[in-house]
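This report refers to the structure that appears directly beneath it.
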Amino acid sequence: MEADDLSLVSRARAGDSDAFRALVVRYQRKVYALALGIVKDPDLAWDVAQEAFVRVHGSLRGFEGKAAFSTWLFRIATHLAIDSVRRERTSRKDDVDEVNEAHVAEAGEGILSTPLGNDPRENALRRELAGKIQEALETLPEKHRTILVLREVEGLSYEELAERLGIHKGTVMSRLFHARKKMQAALREYAGDLVPAREGEDQGSAGGGEEVEP
Amino acid sequence: MRECVRFAPMIGARVGELTPGEAKALAAHLAECKGCRATLAAFEATDGLVAESLLARANSRDFGPFVDEVMARVSGGREASPAARGGILAWLGGHRRAAAAALAPLVAALAVLVYVRVGTGPREIALLEIDAEGEAVTVLQTVDGPVVLLSPGAGS
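Taken in order, these protein sequences are the chains called A and B. Residue numbering for the first sequence follows our numbering, starting at 1 and increasing by one per position. Residue numbering for the second sequence follows our numbering, starting at 215 and increasing by one per position.
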């Protein structure tokens with residue numbers, strides 16, 4: 001039976017290196033995935049993930065266990081990843097958080113609900129699309145990538161995102177909307193290439209999906 | 215459209231993330247607005263894809279060295295010390311002249327130190343006082359042999 005995080009943390013704090021090693025092995029891929037989503041570069045993500053574990057190890061004595069170990073670890077990894085990106089980032093004018101009418105209009109145009117159907121988790125197109133997600137993600141500004149990755153990889157709620165990123169809940173909601181909209185736009189062309197073939201396959205079957213308003 | 219701008223950021227909220235009032239208002243808007251329903255459907259269709267993609271990339275990478283590198287860093291390099299020692303020996307083996315040149319001053323300094331310590335040893339003077347027939351006599355043990363110091367009244 002695997003030891004739980006808290007007991008491993010307790011042992012690691014007492015100097016048990018095997019316990020800390022077990023924590024690293026347990027979370028290394030998820031921390032790397034989180035960092036990769038934010039920094040984009042695989043080698044930089046590797047470094048960020050390692051640095052996160054090193055920082056955590058250095059602060060083990062200060063860990064009070066009020067939050068889950070994984071939450072603490074991911075928070076450190078998030079900040080390290082954001083810092084590393086911001087060192088190189090140039091400010092971009094399209095990094096807005098407000099939602100206006102033009103954004104809403106774009107969001108409803110030709111997006112992916114129809115080709116992906118009503119049961120996306122079982123959809124073959126969805127699996128094909130997953131291969132293009134990384135490319136699409138890389139086209140997003142850093143703050144949109146970050147909020148989308150935290151929402152999906154770590155599963156943070158609006159409140160948790162607000163706390164993690166130091167922004168208001170309303171900003172979280174609008175920023176997430178923009179991030180999703182941009183992902184839709186980045187994926188639209190690729191999905192459009194796949195749709196004709198699938199529509200051909202689906203001819204004769206009823207219920208081709210929800211109609212999208214032009 | 216003004217209503218859409220208000221509700222768009224709420225689209226994709228999970229259960230419990232909106233207040234009951236917001237959730238009710240959003241549901242009412244979605245019932246009437248085809249565009250926002252399409253947006254919701256699109257968001258739901260791609261929900262989770264980012265996580266799937268990133269974790270798939272993480273799982274396809276060889277993480278063998280990751281934990282060892284982390285452990286080497288947190289242990290202050292102690293885990294890497296055998297390799298480091300091997301590295302120094304390997305360097306010395308490949309650079310014998312440089313190693314000899316580097317060690318020469320150290321060896322010379324050590325030789326001087328040994329010489330000085332050995333050389334000073336016998337020169338130390340041992341003081342010995344003996345009592346012979348009621349007369350106090352002091353004998354100095356030197357490198358040239360014992361020197362007997364007679365007390366002022368001894369020779370008279």
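Cβ atoms here follow ideal geometry from the backbone N, Cα and C, with glycine treated the same way.
Proximity test, Cβ basis, 9 Å: T71(A) and chain B: no
Start and end residues, alpha helix (DSSP H) containing E142(A): 142-152
Identity of the residue in V24(A), E160(A), D5(A), S174(A) nearest A68(A) by Cα: D5(A)
Residue of D83(A), R61(A), G65(A), E64(A) minimising C-alpha distance to V48(A): D83(A)
Min CB distance P141(A) to chain B below 9 Å: no
Between the CA atoms of A255(B) and V281(B) - distance to the nearest angstrom: 41 Å
Within chain B, the residues that E152(A) reaches when beta carbons sit closer than 7 Å: G262, V264, A265
T253(B) versus A265(B), L240(B), N273(B), residue with shortest Cα-Cα distance: L240(B)
K30(A) beta carbon less than 9 Å from that of L269(B): yes
Rounded separation between H79(A) and A322(B) - CA only: 55 Å
Three-pair Cβ contact test at 8 Å for the stretch 145-163 of chain A versus the stretch 37-51 of chain A: yes
Opening and closing residue of the alpha helix (DSSP H) in which T71(A) lies: 69-86
Which of helix, strand or coil DSSP assigns to R275(B): coil
Test: F20(A) CB closer than 9 Å to a CB of chain B: yes
Neighbour list for V39(A) in chain B, Cβ cutoff strictly below 7 Å: Simply none; closest approach about 12 Å.
Distance between R175(A) and P141(A) (C-alpha atoms, nearest Å): 11 Å
Residue-level contact to chain B via CB, I111(A), 9 Å cutoff: Only weak support exists for where I111(A) lies, its pLDDT of 41 falling under 50; the coordinates are left without a value.
CB contact flag (L60(A), V24(A), <9 Å): no
Supposed close pair E222(B), C247(B) - CB separation, criterion 8 Å: One detail in the question is off: residue 222(B) reads as Ala in this sequence, not Glu. That pair is no contact at about 10 Å.
Beta-carbon gap between W72(A) and V56(A) smaller than 9 Å: yes
Spatial neighbours of A179(A) in its chain, beta-carbon cut-off 7 Å, leaving aside the 5 residues before and after: L140, H144, I147, L148
C247(B) - DSSP class collapsed to helix/strand/coil: coil
Candidates E163(A), R26(A), Y158(A): closest to F177(A) by CA position: Y158(A)
Candidates K66(A), D16(A), G131(A), of which the one nearest S274(B) by Cα: G131(A)
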